């Protein structure tokens, strides 16, 4: 076997060097208890779970640490025996990894840098799993010890760079910030290369011959590759799919609202609805000074565009957990408030592991939340509103957006307004509702109890959005975009003025204009456009009925003739 004294000297030097670089003791008894990758991951999770950016990066970080460190756990016993130490050397490396991640202190870009350098280290450590399945020579044992002790030095310099925030770039290049880091990485790379040469040399001199040895190594590598792939796929499946599968089974969310949201995003002209962010009432709501906000607007005024704009703003620019639902009166599912709150709960749980655990703990099936009241109490009040909730993390909060409440079932809507009175300032849930002004009377009790502010979507505040919408419609029309610029400007001016803040009115006129082919007909269409959305829709229906009368397939049908007569 290798000289235990020489190997012990290498480890002692590595421990001392780490302390010199980082001012941290690597052989803390508490950290040396980290003898398995499972122990390491548990400690990392426990110490960093309060950082929002850590929770976002945690799945990727767990996977890369597991892949990079598992081989070290497997060969730890071999090298420990060679050094006659009381603890496996892998524990020292695990301690270095723990202290490296600890240094990030919740900074997202630092976690990215750590993930990148761990990925680089993984390319070497994966080789170590081969050694756990066969005898290794004294020379190779010493070489592996040199590599692992140098790895500890690399982790030390990486920790210093991460701690002091000198992240000009990611990955192995984070070590370029110091001369010591560059030298340590260079030695590590050189040792890895010499290890590869030594392995090749020993492989050729094995007693069983080169052919048998290479066959075995090849077999082992295939097994390792398959094992790592299985681990990777298993991790992805368990960590990303298992929770989603269970939440799907419990909450049975719909797809209609998500489909509606994606459709609105595709059709919404960029910047449409941005004006809402400057409204004082909205600023007070998003800053949690007011827990509930009501946005009212007439049919076709673009309320759903505003809702989709707010969802995007919260998700991507504010990084705030948001749950949403777009009511629609064309089917029972999209009119149900019970379905709406289940969809919201599913969306929130998909982005908050603490809330996901709460949902799984308090509800096993839909039978346990048969009413709107029971659903609200178990899934929302007990977690976001109850001040004594122990399940909630300090960062757990929810912004809930419910659009087109006028299209929800009447009874559901009334009950929802009563339940919303549970929401108070300072709690972890914010509610924003949108709908037609006609249902405001149903909300009188709620509005007075909580002094709910209102934003009215008017012709004045969405005029610019209407103009952008019309210009975008002209640009998309094969015919209209070829018109002379003065004609296009006239179309924009007349439609923006005539729309009176209604996107739907402008859209219907644009559709008519796209079908005409001369300037005279364009002027006729512009001048003859009826005022008001209801009259515009009536004209569209009358035009549709005329087209059916001329169709032999329908003109002789007495039912159709009767219906067209009503129109």
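Residue numbers (full-length UniProt numbering): 1 to 567.
Beta carbons: idealized from backbone N, C-alpha and C, even for Gly.
In this text the structure is predicted, and so the values were computed from the model without any measurement.
Straight-line gap, residue i to residue j (C-alpha atoms, nearest Å)
{"i": "residue 512", "j": "residue 489", "result": "17 Å"}
{"i": "residue 396", "j": "residue 466", "result": "37 Å"}
{"i": "residue 283", "j": "residue 264", "result": "23 Å"}
{"i": "residue 484", "j": "residue 491", "result": "11 Å"}
{"i": "residue 158", "j": "residue 59", "result": "21 Å"}
{"i": "residue 494", "j": "residue 526", "result": "7 Å"}
{"i": "residue 366", "j": "residue 360", "result": "12 Å"}
{"i": "residue 68", "j": "residue 244", "result": "27 Å"}
{"i": "residue 252", "j": "residue 91", "result": "44 Å"}
{"i": "residue 141", "j": "residue 117", "result": "25 Å"}
{"i": "residue 448", "j": "residue 523", "result": "49 Å"}
{"i": "residue 49", "j": "residue 144", "result": "34 Å"}
{"i": "residue 459", "j": "residue 444", "result": "25 Å"}
{"i": "residue 504", "j": "residue 300", "result": "5 Å"}
{"i": "residue 106", "j": "residue 147", "result": "30 Å"}
{"i": "residue 29", "j": "residue 122", "result": "26 Å"}
{"i": "residue 398", "j": "residue 471", "result": "36 Å"}
{"i": "residue 332", "j": "residue 497", "result": "37 Å"}
{"i": "residue 334", "j": "residue 95", "result": "52 Å"}
{"i": "residue 520", "j": "residue 404", "result": "39 Å"}
{"i": "residue 214", "j": "residue 364", "result": "Low per-residue confidence applies at residue 214: pLDDT is 48, beneath 50, and the placement is therefore not dependable enough to give any value."}
{"i": "residue 187", "j": "residue 125", "result": "16 Å"}
{"i": "residue 312", "j": "residue 185", "result": "42 Å"}
{"i": "residue 36", "j": "residue 139", "result": "26 Å"}
{"i": "residue 169", "j": "residue 112", "result": "Bear in mind that a pLDDT of 45 at residue 169, under 50, signals an unreliable position, so the number given afterwards is only what the model happens to contain. If I take the Cα positions, the gap works out to 10 Å."}
{"i": "residue 400", "j": "residue 308", "result": "12 Å"}
{"i": "residue 330", "j": "residue 406", "result": "13 Å"}
{"i": "residue 429", "j": "residue 423", "result": "7 Å"}
{"i": "residue 38", "j": "residue 433", "result": "45 Å"}
{"i": "residue 303", "j": "residue 45", "result": "42 Å"}
{"i": "residue 530", "j": "residue 510", "result": "13 Å"}
{"i": "residue 317", "j": "residue 386", "result": "28 Å"}
{"i": "residue 346", "j": "residue 110", "result": "30 Å"}
{"i": "residue 342", "j": "residue 260", "result": "16 Å"}
{"i": "residue 446", "j": "residue 268", "result": "32 Å"}
{"i": "residue 270", "j": "residue 93", "result": "50 Å"}
Unbroken alpha helix (DSSP H) run spanning residue i, endpoints
{"i": "residue 372", "result": "372-376"}
{"i": "residue 97", "result": "89-102"}
{"i": "residue 48", "result": "37-48"}
{"i": "residue 360", "result": "353-362"}
{"i": "residue 342", "result": "337-349"}
Residue i, buried or exposed, once every other Cβ within 10 Å from all chains shown has been counted against 16
{"i": "residue 208", "result": "Because residue 208 carries a pLDDT of 49, less than 50, the predicted location of this residue cannot be relied on, and the following value inherits that uncertainty. It is exposed - the Cβ of residue 208 has fewer than 16 other Cβ atoms within 10 Å."}
{"i": "residue 153", "result": "buried"}
{"i": "residue 451", "result": "exposed"}
{"i": "residue 190", "result": "exposed"}
{"i": "residue 257", "result": "buried"}
{"i": "residue 321", "result": "buried"}
{"i": "residue 296", "result": "buried"}
{"i": "residue 13", "result": "exposed"}
{"i": "residue 462", "result": "buried"}
{"i": "residue 89", "result": "buried"}
{"i": "residue 25", "result": "exposed"}
{"i": "residue 71", "result": "buried"}
{"i": "residue 515", "result": "exposed"}
{"i": "residue 156", "result": "buried"}
{"i": "residue 17", "result": "buried"}
{"i": "residue 42", "result": "exposed"}
{"i": "residue 305", "result": "buried"}
{"i": "residue 150", "result": "buried"}
{"i": "residue 355", "result": "buried"}
Where the beta strand (DSSP E) containing residue i begins and where it ends
{"i": "residue 398", "result": "398-403"}
{"i": "residue 322", "result": "322-326"}
The ligand SAM heavy atom lying under 8 Å from the CB of residue i
{"i": "residue 462", "result": "Absence of the ligand SAM is noted for the structure shown, with no ligands found whatsoever."}
Counting Cβ pairs closer than 8 Å, one from the stretch 407-421 and one from the stretch 271-289, do we hit at least three?
Verdict: no, contact absent.
Complete beta strand (DSSP E) runs within the stretch 247-315 (minimum length 3 residues, chain order):
Uninterrupted beta strand (DSSP E) stretches at least 3 residues long and entirely within the stretch 247-315 occur at 292-297, given in chain order.
If contact is defined by three or more beta carbon pairs under 8 Å, each pair taking one atom from either stretch, is the stretch 378-387 in contact with the stretch 403-411?
At 8 Å Cβ cutoff, the stretches do not touch.
Quick check on the DSSP output: what are the complete alpha helix (DSSP H) runs of length 4 or more inside the stretch 406-444, in order along the chain?
Fully enclosed alpha helix (DSSP H) runs of 4 or longer: 410-419.
Return the chain-ordered ranges of every alpha helix (DSSP H) run that is complete within the stretch 454-533 and spans a minimum of 4 residues.
Counting whole runs of 4 or more residues, the stretch 454-533 contains the alpha helix (DSSP H) stretches 463-476, 485-499, 503-513 and 519-528.
Would you call the stretch 157-165 and the stretch 95-109 touching, i.e. three or more CB-CB distances under 8 Å?
Touching, yes, given that three or more Cβ pairs across the two stretches are closer than 8 Å.
Any contact of the stretch 365-378 with the stretch 333-341, i.e. 3+ C-beta pairs under 8 Å?
By the Cβ test, the stretch 365-378 is in contact with the stretch 333-341, since at least three Cβ pairs between them sit closer than 8 Å.
So, does the stretch 345-353 touch the stretch 286-295, judging by three or more C-beta pairs under 8 Å?
Here the stretch 345-353 does not lie against the stretch 286-295, with fewer than 3 beta-carbon pairs under 8 Å apart.
Mind the definition here: the stretch 41-55 touches the stretch 392-406 only if three or more C-beta pairs lie below 8 Å; say whether that holds.
At 8 Å Cβ cutoff, the stretches touch.
Does the stretch 466-477 come into contact with the stretch 426-442, if we say contact requires no fewer than three beta-carbon pairs (one atom in each stretch) closer than 8 Å?
At 8 Å Cβ cutoff, the stretches do not touch.
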